[in-house]
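The numbering used here puts the first residue of the sequence shown at 9, with every later residue one more than the last. Input: a single structure, listed below in structure tokens.
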Amino acid sequence: MTSTHDGAGSAPEAAALHEIVEGVFAWVQPDGTWWINNAGAVNGLDGTIVVDTCATEQRTRRFLAAVGAATGDAPLTMAVNTHLHGDHTYGNSLLPSTTVLIGHEAMREGLLVDPIIDGCPPVWQPVPDWGRVTRRVPSVVLRSDLTLFTGSRRVDLLHPGHPAHTTGDVVAWLPEERVLFTGDLIFHGVTPLVFMGSVEGAIASLGWLADFGADHVVPGHGPLIAGAELPGVLAGMERYLQLVLRTAQAGLAEGLTPLEAAQRCDLGEFAGMPDAERLALNLHRAYADATGTPFDLLEAIGDAVRYNGGPMASAV
């Protein structure tokens, strides 16, 4: 595996394009915290398929320039969004107009009404500098699966069949190369986030991911994962998500609010992971699902800020 670095130092300047196998690339942005995602590209005889974009104009242009340099500026024929969140989608508008954009139907519906691209609330500091990005949603959608080709290279797009990180998650699987782009179904070394999906669904998705038998895994955030490392990564995510469920069950039994339950929770082995305030967001989702009540996004975000003791850290 080879890599090309775009600068050095802290995120996002330390981003690097890694060639996982010949013609298959992962764009990894350390340290994978708020708004700092991974993306990818698959090159073949008919051009390049892009997997996700980035949150800001600057980051997306770096990513696309690195892909162009690595592929001889092969045309970007198709692009897929693994889910709706802005760190994976706001750079869509910087793709060529001829690039066919693909995503799950729920992902498209969610991005159409996403308010943050129009004006990010000051719950993150600094507020990310989006640059010149505009809302661009997929023109092709899937419900369960879709197969793409560039030349003879095959890319299967698959939905887990239930809410997990979000309601419209998609993985990109290269069966010949055994490479799996998971989007945010996997957070590697960063606190998982499932507030727009399902805690139990996220747990169920972990076994589904393991069944691919991937040799190379590109998570939505954090370092690349070798196939031999994947069981340990998935087990760690399951332990965290089970902690969220146990905390929610205990909090409901004691009549605690999600914030009170979060404040009482001993994170244990997960206390040192970045973005610990996501516990409050995840508990709001677990409470809503357990009680059958609507999920209140604004209240959940407010509790995450209160748990953190102030705005959540982000990179510009």
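Think of the CB as a built atom: it goes at the ideal place given N, C-alpha and C, for glycine as much as any other residue.
Using the DSSP secondary-structure output, state which residues sit across from residue i in a beta bridge.
{"i": "residue 158", "result": "161"}
{"i": "residue 195", "result": "229"}
{"i": "residue 48", "result": "34 and 59"}
{"i": "residue 110", "result": "88 and 148"}
{"i": "residue 42", "result": "BP columns for residue 42 are empty, so no partner."}
{"i": "residue 133", "result": "321"}
{"i": "residue 179", "result": "166"}
{"i": "residue 189", "result": "180 and 226"}
{"i": "residue 29", "result": "32"}
{"i": "residue 172", "result": "Note: residue 172 sits in no beta bridge, so no partner."}
{"i": "residue 234", "result": "224"}
{"i": "residue 153", "result": "166"}
Taking the straight line between their C-alpha atoms, what separation do you get for residue i and residue j?
{"i": "residue 82", "j": "residue 51", "result": "8 Å"}
{"i": "residue 155", "j": "residue 319", "result": "41 Å"}
{"i": "residue 21", "j": "residue 37", "result": "8 Å"}
{"i": "residue 17", "j": "residue 24", "result": "Annotation note: pLDDT 38 at residue 17 (below 50); position unreliable, coordinate value reported separately. So the alpha carbons of these two residues sit roughly 11 Å apart."}
{"i": "residue 86", "j": "residue 162", "result": "13 Å"}
{"i": "residue 135", "j": "residue 126", "result": "12 Å"}
{"i": "residue 305", "j": "residue 151", "result": "25 Å"}
{"i": "residue 84", "j": "residue 289", "result": "36 Å"}
{"i": "residue 56", "j": "residue 100", "result": "15 Å"}
{"i": "residue 39", "j": "residue 191", "result": "16 Å"}
{"i": "residue 194", "j": "residue 262", "result": "31 Å"}
{"i": "residue 49", "j": "residue 33", "result": "5 Å"}
{"i": "residue 69", "j": "residue 46", "result": "14 Å"}
{"i": "residue 321", "j": "residue 282", "result": "10 Å"}
{"i": "residue 29", "j": "residue 274", "result": "41 Å"}
{"i": "residue 128", "j": "residue 164", "result": "33 Å"}
{"i": "residue 15", "j": "residue 95", "result": "Its pLDDT being 39, under 50, residue 15 is placed unreliably by the model, and the measurement read from it follows with that caveat. If I take the Cα positions, the gap works out to 20 Å."}
If residue i and residue j are in contact, beta carbons under 8 Å, what's the gap, nearest whole angstrom?
{"i": "residue 145", "j": "residue 189", "result": "Between residue 189 and residue 145 the Cβ distance is about 20 Å, and since that is not below 8 Å, they are no contact."}
{"i": "residue 251", "j": "residue 269", "result": "Actually they do not touch by this definition, with Cβ atoms about 11 Å apart."}
{"i": "residue 98", "j": "residue 158", "result": "Wrong, their Cβ atoms sit about 24 Å apart, outside the cutoff."}
{"i": "residue 242", "j": "residue 201", "result": "That belief does not hold up - the Cβ atoms of residue 242 and residue 201 are roughly 16 Å apart, past 8 Å."}
{"i": "residue 207", "j": "residue 253", "result": "6 Å"}
Whose CA, out of the options, lies closest to the CA of residue i?
{"i": "residue 124", "options": "283, 152, 64 and 219", "result": "64"}
{"i": "residue 221", "options": "153, 236 and 288", "result": "236"}
{"i": "residue 168", "options": "195, 132 and 112", "result": "112"}
{"i": "residue 259", "options": "271, 249 and 248", "result": "271"}
{"i": "residue 103", "options": "132, 233 and 67", "result": "67"}
{"i": "residue 209", "options": "249, 27 and 32", "result": "249"}
{"i": "residue 203", "options": "314, 137, 122 and 287", "result": "287"}
{"i": "residue 27", "options": "224, 205 and 115", "result": "224"}
{"i": "residue 303", "options": "205, 264, 276 and 244", "result": "205"}
Quick check: the segment 99 to 108 against the segment 73 to 81, are at least 3 beta-carbon pairs closer than 8 Å? no
Quick check: the segment 173 to 189 against the segment 89 to 100, are there 3 or more CB pairs under 8 Å? yes
Do the segment 177 to 196 and the segment 133 to 147 touch if we need at least three Cβ pairs shorter than 8 Å? no
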